[in-house]
Ligand code: ATP
């Protein structure tokens, strides 16, 4: 097969996503809205599975992390206190000729516009990435509110509420999943960088003397979570921020990066944010956010270890990592080797042919499995074509009712990755799937 370049691979993934109902351009009927995407039937299911996996790992399977779902709109002063109003900016450069816009960092001192070649670039000016809107009927400055650019602040301002309601003792964490908005200057690479996206963030409150220990602990946890999603280890790496590049609030910062077709890029940040956030909120509101720790018999403002992941970015990673063109499979050679744990459809059920009582048995299997798993019934076209459709959709197992089924209550299960078929009792199908997708 001819070697195709990496951008082609992204293009082909984008077209597969549209064809199979993973991801569509937002407002496509109206010509689309730049950098906004809609998740279709399979995409919304995949996204939900990723979020459930994160939520289970970060809260349900632990005793020391509580969940939260805070509002997108917050008191505007929160964003002044956090530093976002003054500092959440990117330096922006315009080209006066072709009107292209660039992040200053991307031009690295170039004098000519990389799009039109003219030396008509403006000076860099600071551009705030927060979206603004107005609350209530009057559109003036006093009514300005922001669409949150991160979910973390919703956690900090609820630190006391959650601590008191849950009676947690430090160290403990608060996790939440939710939308965030950033008016990015250069969105792109499909869903990698968008203006509306979802974050999965957890803030872990610790005694200042134990910050490094917990940072290491969470680095390990987060790394394992990506491996558990089936992402190839050799495509992941750690990047430690140099001291000079640290955000104003951070003491140490690590990112988990993935090697996308467009280069190594950040997937998630695991950062030691010190006591910056709670100290600032305490200072501005006058509310006591200190914690009395019986172990240390002292009052202090907790340090925060943050794990901040992008849900859409994780989804893109899962898709690109699973995408494979396998010419041995014939014409329809694309297969999405998604982990059964996150695959949108866990199994497809087919009657080999639409006669001899096979559809009735297949339908019964389908309805039984449907009570526990997301399964799909398909009786259209040859079995080979049905397998190919499921390979492209990332469905790990295909169950086929054939001539032998009536005789001994067995069916074949075809494994997406090995393409091997094995025979199983119908009564064992539920356990078979549960062991692999549960
Ligand atoms: P980047 O350097 O890529 O802009 P960041 O360092 O600003 O990211 P954080 O503020 O640490 O990102 O956000 C945490 C996570 O949220 C990121 O690791 C990423 O997965 C996700 N994220 C941030 N911005 C976007 C975006 N514009 N689109 C999609 N996901 C995003």
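In the numbering used here, the protein residues as written are 1126 to 1563.
Glycine included, every Cβ here is placed at the ideal spot set by N, Cα and C.
Where residue 1401 is concerned, the enclosing alpha helix (DSSP H) starts and stops at 1401-1410. Counting along the chain, the unbroken alpha helix (DSSP H) around residue 1176 starts and ends at 1166-1180. The Cβ atoms of residue 1382 and residue 1433 do not sit closer than 8 Å to each other. Annotation for residue 1303: the continuous beta strand (DSSP E) segment containing it runs 1297-1306. When Cβ pairs closer than 8 Å are counted between the two stretches, the stretch 1301-1317 is seen to touch the stretch 1372-1391, the count reaching three or more.
In summary, residue 1206 is buried, with 16 or more beta-carbon neighbours lying within 10 Å of its beta-carbon over all protein chains present. In the three-state scheme derived from DSSP, where H, G and I count as helix and E and B as strand, residue 1563 is classed as coil. In this structure, residue 1191 and residue 1291 form a Cβ contact; the two beta carbons are roughly 5 Å apart against a cut-off of 8 Å.
Under DSSP, residue 1148 takes part in a beta bridge, and its partners are 1164.
In the DSSP annotation of this structure, the continuous segment of the alpha helix (DSSP H) that includes residue 1289 starts and ends at 1284-1291.
It is roughly 42 Å from the alpha-carbon of residue 1403 to the alpha-carbon of residue 1561. DSSP places residue 1376 outside both helix and strand once states are collapsed to three, so it counts as coil. Where residue 1222 is concerned, there is no enclosing alpha helix (DSSP H), because DSSP gives it neither an H nor an E. Of the heavy atoms belonging to ligand 1, at least one sits nearer than 7 Å to the Cβ of residue 1437. A direct Cα-Cα distance of roughly 13 Å separates residue 1141 from residue 1166. In the three-state scheme derived from DSSP, where H, G and I count as helix and E and B as strand, residue 1513 is classed as helix.
It is roughly 22 Å from the alpha-carbon of residue 1266 to the alpha-carbon of residue 1250. Annotation: residue 1323 to residue 1397 spans about 22 Å, alpha carbon to alpha carbon. When the beta-carbon positions are compared, residue 1538 and residue 1474 stay at least 8 Å from each other.
The three-state secondary structure of residue 1498, taken from DSSP, is coil. Scanning its chain for C-beta atoms nearer than 7 Å, with the 5 sequence neighbours on each side dropped, one finds around residue 1550 the residues 1534, 1535, in chain order.
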